[in-house]
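Residue numbers (UniProt numbering): 1 to 246. Ideal Cβ placement from N, Cα and C applies to all residues, glycine included. Computed from a predicted model, the values in this text were never measured in an experiment. One structure below.
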């Protein structure tokens, strides 16, 4: 009983911190309204939320993806670099405007897979989940074939509100960013555990090929089966205090 209460209290604290963060950065953003010219922190953790889907009996949006970047030593990837991979291509792309590259963004890949499953589009996109090394066709032909779905993925992801925290530590698997990401996923996941904040039946992730995504309620696969360390909430609170509007 006390374990469940601790769990519920930890989730409550997590979302209270997001409320504080939202006020601090003057509101959530959507990728469709963002550019690399904004004053993004070099490194951070981001939280995507699902519009129209509230947690429990509240009107607070539920987190559906947690992510970070540069957790390998020597990596120079910035927060915006990672967000731009999820955003996809802009209007100025000569060949595939507002498309993207799902082979460079697991988030895009998973959303595309769910769209394929939901609308039975397997025959239209036979190579969607394959690496280039396993595709015996011209790459430009595959990109042209997948362009319409890439656009649908862009539309979906760019409409997801998100928040982020500034965590300016060095790239490492033991970084504070990695800890916040891993433990937030473990805390929010419903995979093989107590169902907190039930997921709406209409959530696109319900159509995912991944059991981890379907059951966890997150567009994450890694860390959904793990136990969370409540101390990560102190790291998150400190990061919220360090975060300013872009």
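Looking at the DSSP output, residue 188 shares a beta bridge with no other residue. When only Cα atoms are considered, residue 58 and residue 111 end up about 26 Å apart. Out of 164, 85, 160, the CA that lies nearest to the CA of residue 21 is found in 164. Here DSSP, grouped into helix, strand and coil, assigns residue 164 to strand. Counting other Cβ atoms within 10 Å of its Cβ, residue 179 reaches 16 or more and is therefore classed as buried. Nearest neighbour of residue 79 by Cα position, chosen from 46, 88, 50, turns out to be 46. Residues 176, 179, 180 of the same chain have their beta carbon placed closer than 7 Å to that of residue 235, with the five preceding and five following residues left out of the count. Note that the C-beta distance between residue 64 and residue 50 is below 7 Å. Within the segment 103-142, the runs of alpha helix (DSSP H) at least 4 residues long that lie entirely inside it are, in chain order, 106-119. Around residue 122, the same chain offers 116 as residues with beta carbons nearer than 8 Å, after the five sequence neighbours per side are excluded.
Spatial neighbours of residue 229 in its own chain (CB-CB distance under 6 Å, excluding positions within 5 residues in sequence) are listed in chain order as 183. The three-state secondary structure of residue 54, taken from DSSP, is strand. In this structure, DSSP gives residue 153 a helical state, which the three-state scheme calls helix.
Beta-bridge partners of residue 46 (DSSP): 67, 164. Minimum Cα-Cα distance from residue 170 among the listed residues 148, 243, 43, 27 corresponds to 43.
Taking residue 102 as the centre and dropping the five residues before and after it, the same chain places the C-beta of 108, 109, 112 closer than 6 Å to its C-beta, in chain order.
The Cβ-Cβ distance between residue 32 and residue 158 falls below 7 Å.
Under the Cβ criterion (8 Å, minimum of three pairs), the segment 92-101 counts as touching the segment 133-151.
By the neighbour-count criterion, in which 16 or more other beta carbons inside 10 Å mark a residue as buried, residue 4 falls on the exposed side.
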